[in-house]
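Read left to right, the sequence shown gives residues 1 to 149 (UniProt numbering).
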Amino acid sequence: MAARISKSQRREFVEELHEAGLRATPARLAVLGAVRRASAPLTHAELTRQLDGNGWDAATIYRNLIAITDAGLIVRSDHGDRRWRFEDRARSNSRTEHQHPHFFCTDCGSVSCLPEVEVRMPRTRGLPRSAADGAYDVQLRGVCDSCSD
1 MAARISKSQR REFVEELHEA GLRATPARLA VLGAVRRASA PLTHAELTRQ LDGNGWDAAT
61 IYRNLIAITD AGLIVRSDHG DRRWRFEDRA RSNSRTEHQH PHFFCTDCGS VSCLPEVEVR
121 MPRTRGLPRS AADGAYDVQL RGVCDSCSD
């Protein structure tokens, strides 16, 4: 079962959802809270397991993930394994989509946010303007420490 959110967090989440044009349903509050508490991007399956016991099925959690993503409060990323992962937009520190780098473990499939690293693409001939303007995704792939032990 997901951890409870404090009254002040609840008020903050309700206000953010309303400002984004969404109703603050119990499922949306739980999904937003779980994504905000996560230290790494979460898949739909991981969120469904975290929120198990609250009475919401996987489809309800998915619909709320998509609604909150479409409203711009969280971001969705694909790390090449055909599973979308979701994380807080504030953590992504992004004007567009994702600009902070992630590490993808090729053995276990885990994804983790890398330490605060600024990645900039210089304007060079042949580089699309969107990349120079910050519309790119940086991902390192390899074997994580847990799998390499």
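Ideal Cβ positions, reconstructed from N, Cα and C, are used throughout, including at glycine.
If distances are taken between C-alpha atoms only, which option among Leu47, Asn64, Val111 comes closest to Ser146? As a first step, residue 146 must be located in the sequence shown, where it is residue number 146. The residue with the shortest Cα to Cα distance from Ser146 is Val111.
Inter-stretch contact (C-beta, 8 angstroms, three-pair minimum) for the segment 6-20 and the segment 47-59: no
Rounded to whole angstroms, what's the CA-CA distance from Leu43 to Leu29? Just pull it up for me. Taking the first residue of the sequence shown as 1, we reach residue 43 at position 43. Taking the first residue of the sequence shown as 1, we reach residue 29 at position 29. Residue identity check: residue 43 is Thr in the sequence provided, not Leu. Near 17 angstroms, if we compare the C-alpha coordinates of Leu29 and Thr43.
Starting from the Cα of Thr69, find the closest Cα among Arg11, Leu32, Gly53 and give me that residue. Along the sequence shown, read from residue 1 onward, the residue named residue 69 stands at position 69. Checking every option, the nearest Cα to that of Thr69 belongs to Leu32.
Please identify the residue among Thr60, Phe103, Arg129, Pro128 whose C-alpha is closest to the C-alpha of Gly80. Translated into the one-based positions of the sequence shown, residue 80 becomes position 80. Out of Thr60, Phe103, Arg129, Pro128, Phe103 has the C-alpha closest to the C-alpha of Gly80.
Rounded C-alpha distance that separates Thr106 from Val143: For the purposes of this step, residue 106 is taken as residue 106 along the sequence shown, with counting starting at 1. For the purposes of this step, residue 143 is taken as residue 143 along the sequence shown, with counting starting at 1. Looking at the two C-alpha atoms, the distance is approximately 6 angstroms.
By the 10 Å Cβ neighbour count, where 16 or more other Cβ atoms means buried, how is Arg82 classified, buried or exposed? Numbered from 1 along the sequence shown, position 82 holds the residue referred to as residue 82. Arg82 comes out exposed.
Pick out whichever of Val75, Ser148, Asp78 has its Cα sitting closest to the Cα of Cys108. Locating residue 108 in the sequence shown gives position 108, where the first residue counts as 1. Closest option to Cys108, Cα to Cα, is Ser148.
Please name the residue, chosen from Leu65, Ala45, Gln9, Arg89, that lies closest to Ala27 on a Cα-to-Cα basis. Translated into the one-based positions of the sequence shown, residue 27 becomes position 27. Of the candidates Leu65, Ala45, Gln9, Arg89, the one whose C-alpha sits nearest the C-alpha of Ala27 is Leu65.
If you measure between the beta carbons of Val138 and Phe86, is that distance less than 8 angstroms? Mapped onto the sequence shown, residue 138 falls at position 138. Mapped onto the sequence shown, residue 86 falls at position 86. Cβ distance not < 8 angstroms, so Val138 and Phe86 don't count as in contact.
Span of the alpha helix (DSSP H), counted from its first residue to its last, around His18: Residue 18 sits at position 18 when you count from the first residue of the sequence shown. Looking at the DSSP string, the run of the alpha helix (DSSP H) that includes His18 is 7-19.
Note the first and the last residue of the continuous alpha helix (DSSP H) segment covering Val35. Locating residue 35 in the sequence shown gives position 35, counting from the first residue. 26-37 is the extent of the alpha helix (DSSP H) around Val35.
Pull up the CB-CB distance for Ala24 and Leu73, whole angstroms please, since I reckon it's below 8 angstroms. Numbered from its first residue, the sequence shown carries residue 24 at position 24. Numbered from its first residue, the sequence shown carries residue 73 at position 73. Ala24 to Leu73, Cβ: 12 angstroms. No contact.
Given a threshold of 16 other Cβ atoms within 10 Å of its Cβ, counted over all protein chains shown, does Pro41 qualify as buried or as exposed? Taking the first residue of the sequence shown as position 1, residue 41 is located at position 41. Pro41 is buried by the Cβ-count criterion.
Contact set for Asp78: own chain, Cβ-Cβ below 7 angstroms, skip 5 residues either direction: Reading the sequence shown from its first residue, position 78 is the one you call residue 78. Answer for Asp78: Trp84, listed in chain order.
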